[in-house]
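Everything below concerns the one structure shown next.
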Amino acid sequence: MNIGKVVGNIISTAKYPGFCGVKLLIIQPIDGDGKHVGEPLIGTDSIGAGNDEIVIYITSSEACIPYKSSVKYIPTDATIVGIVDNLYKEDVFNVSG
102 MNIGKVVGNI ISTAKYPGFC GVKLLIIQPI DGDGKHVGEP LIGTDSIGAG
152 NDEIVIYITS SEACIPYKSS VKYIPTDATI VGIVDNLYKE DVFNVSG
């Protein structure tokens, strides 16, 4: 699992049928200090996250798991699976959502 910040959304009128009704968001990976790490990525939103929220996301083939109950898996490399309210870990993390 990874931590990121939602920095935008994607609006697409033509997309793979499995994405029908699935929100696509732009996620900026962050470190424990809230600083940007790496390039932003596009992910699906399985829980209703919004702009500027700190989120937990999964990547790789595991990103399809939240959609297993659908007719078939959808082709995604990143899926938001949690919204971070507060994150505390002494001398490692200090980020608030």
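Under this note's numbering, think of the first position of the sequence shown as 102, with each following residue one higher.
Every residue, glycine too, gets a C-beta built ideally from N, C-alpha and C.
Residue interval of the beta strand (DSSP E) (run including residue i)
| i | result |
| --- | --- |
| Thr-180 | 179-184 |
Buried/exposed call for residue i, threshold 16 Cβ in 10 Å
| i | result |
| --- | --- |
| Ile-112 | exposed |
| Gly-144 | buried |
| Tyr-117 | exposed |
| Ile-128 | buried |
| Val-156 | buried |
| Gly-105 | buried |
| Ala-115 | exposed |
Supposed close pair residue i, residue j - CB separation, criterion 8 Å
| i | j | result |
| --- | --- | --- |
| Tyr-158 | Thr-180 | 6 Å |
| Ile-148 | Gly-119 | In fact, because the Cβ distance is near 18 Å, the residues do not count as touching under 8 Å. |
| Pro-130 | Val-108 | Going by Cβ atoms, the distance from Pro-130 to Val-108 rounds to 10 Å, so no, they are not a contact pair. |
Beta-carbon proximity list for residue i, same chain, < 7 Å, skipping 5 on both sides
| i | result |
| --- | --- |
| Thr-160 | Asn-103, Asp-178 and Ala-179 |
| Gly-139 | Pro-130 |
Residues near residue i in its chain [Cβ-Cβ closer than 8 Å; skip 5 each side]
| i | result |
| --- | --- |
| Ile-175 | Tyr-117, Gly-119, Phe-120, Val-123, Thr-145, Cys-165 and Tyr-168 |
| Asn-110 | Lys-124, Leu-125, Leu-126, Ile-127 and Asn-152 |
Whole beta strand (DSSP E) runs in the region 109-161 with 3 or more residues, listed along the chain? Complete beta strand (DSSP E) runs here, min 3: 124-130, 142-146 and 155-160.
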